[in-house]
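Each remark here refers to the structure printed beneath this line.
2 protein chains.
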Amino acid sequence: MNSDCTIYNTVDLISKRWTLLILLELHRGGGGRKRYTELKSGLFDISPKMLSERLRELEKAGMIAKTVDASRVPIRTDYELTEMGKDFMPVIRSLKGWALKWKGDNRVCSKVECAECNLK
Amino acid sequence: MNSDCTIYNTVDLISKRWTLLILLELHRGGGGRKRYTELKSGLFDISPKMLSERLRELEKAGMIAKTVDASRVPIRTDYELTEMGKDFMPVIRSLKGWALKWKGDNRVCSKVECAECNLK
DNA sequence: CAGGATCCAAAAGGATACTG
DNA sequence: CAGTATCCTTTTGGATCCTG
Numbered sequence: 013m014n015s016d017c018t019i020y021n022t023v024d025l026i027s028k029r030w031t032l033l034i035l036l037e038l039h040r041g042g043g044g045r046k047r048y049t050e051l052k053s054g055l056f057d058i059s060p061k062m063l064s065e066r067l068r069e070l071e072k073a074g075m076i077a078k079t080v081d082a083s084r085v086p087i088r089t090d091y092e093l094t095e096m097g098k099d100f101m102p103v104i105r106s107l108k109g110w111a112l113k114w115k116g117d118n119r120v121c122s123k124v125e126c127a128e129c130n131l132k
Numbered sequence: 013m014n015s016d017c018t019i020y021n022t023v024d025l026i027s028k029r030w031t032l033l034i035l036l037e038l039h040r041g042g043g044g045r046k047r048y049t050e051l052k053s054g055l056f057d058i059s060p061k062m063l064s065e066r067l068r069e070l071e072k073a074g075m076i077a078k079t080v081d082a083s084r085v086p087i088r089t090d091y092e093l094t095e096m097g098k099d100f101m102p103v104i105r106s107l108k109g110w111a112l113k114w115k116g117d118n119r120v121c122s123k124v125e126c127a128e129c130n131l132k
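For the record, the sequence lines run as chains A and B.
Counted from 1, the first sequence has number 48 at position 36 by this note's numbering; the numbering is strictly sequential.
Counted from 1, the second sequence has number 24 at position 12 by this note's numbering; the numbering is strictly sequential.
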């Protein structure tokens, strides 16, 4: 369509399955670094293929940063939100506000561990 | 995943291809009613199947309203944003703000008629 | 542990023709 | 005009096994 349109490309990135959930997962509990396996169990149904694919996309987009510590065995990898990624949270918050206002009768799910709802 | 989670369901709705573009198209030029064909030519690459499918979804979600005037031939149909739909614009605006801040070097495409960028 | 490689099923989307 | 119906291609994603 308009592959040189920033808005369109942004929508294209964030509208992919799991993407928002991964960002929320990285934001959970005050942010900070999270391991691949940690993310994987937080998003408990995701396949390794999907997770690494999305992580690659998000890293390329500049929303997350990857740190590898190869000095130890096994290799340790961490992911965290960049400033750009953190700054995206208000967008999600805005979406949540809208949903709470207009879809309130469906109510936000009550599970404490629901990554989708876990945005303050 | 969590089909009873409002946030998740919202993301699921709006992240579908064309959905945001249709909303923007309905918002264009001060809002107001738009005909099916009008929308179709505004989103010039969309297939009739996609357009009617998305319109149905959005209507069901309560974001747009459909008006049919069968008293005349040919039948005239109009679509417009509901209050819920209009109230969604700040969410898109928030997304655009983020994109302009962080993806500014890619710049928003300059075409005046670009529906994606046409949000004030 | 942190993925990559493969294979396969399902869903999404496009093109086109048709209709009340 | 405002779609529906059909067919077919492409994409997406899940399951699983493998490896440095």
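Every residue, glycine too, gets a C-beta built ideally from N, C-alpha and C.
Need the endpoints of the beta strand (DSSP E) that A/I76 sits in, please. I76 to D81 is the extent of the beta strand (DSSP E) around A/I76.
Below 6 Å CB to CB, which residues in the same chain sit around B/R66 once its five sequence neighbours on both sides are set aside? Around B/R66: W30, T31 and I34.
Whole angstroms are fine: how far does the CA of A/E95 sit from the CA of A/A82? Each residue's Cα considered, the two are about 25 Å apart.
Sheet register partners of A/A84 (DSSP bridge): At residue 84 of chain A the sequence reads Arg, which differs from the Ala that was named. According to the DSSP secondary-structure assignment, A/R84 is paired through a beta bridge with no residue.
Tell me the DSSP secondary structure of B/T89 in three-state form. Judged by DSSP in its simplified three-state form, B/T89 adopts strand.
A/L38: contacting residues in chain B (beta-carbon distance under 9 Å): Proximity of chain B to A/L38 at the Cβ level (cut-off 9 Å) is not reached, the minimal Cβ distance being about 16 Å.
Which listed residue (B/G97, B/L25 and B/T49) has its alpha carbon closest to that of B/I87: For B/I87, the nearest C-alpha among the options comes from B/T49.
If B/I133 and B/G44 are in contact, beta carbons under 8 Å, what's the gap, nearest whole angstrom? Summary: the structure shown does not reach residue 133 of chain B, with chain B confined to residues 13 through 132, and so no result is reported for it.
Beta carbon of A/I19, beta carbon of B/K113: below 8 Å? Not closer than 8 Å, so no.
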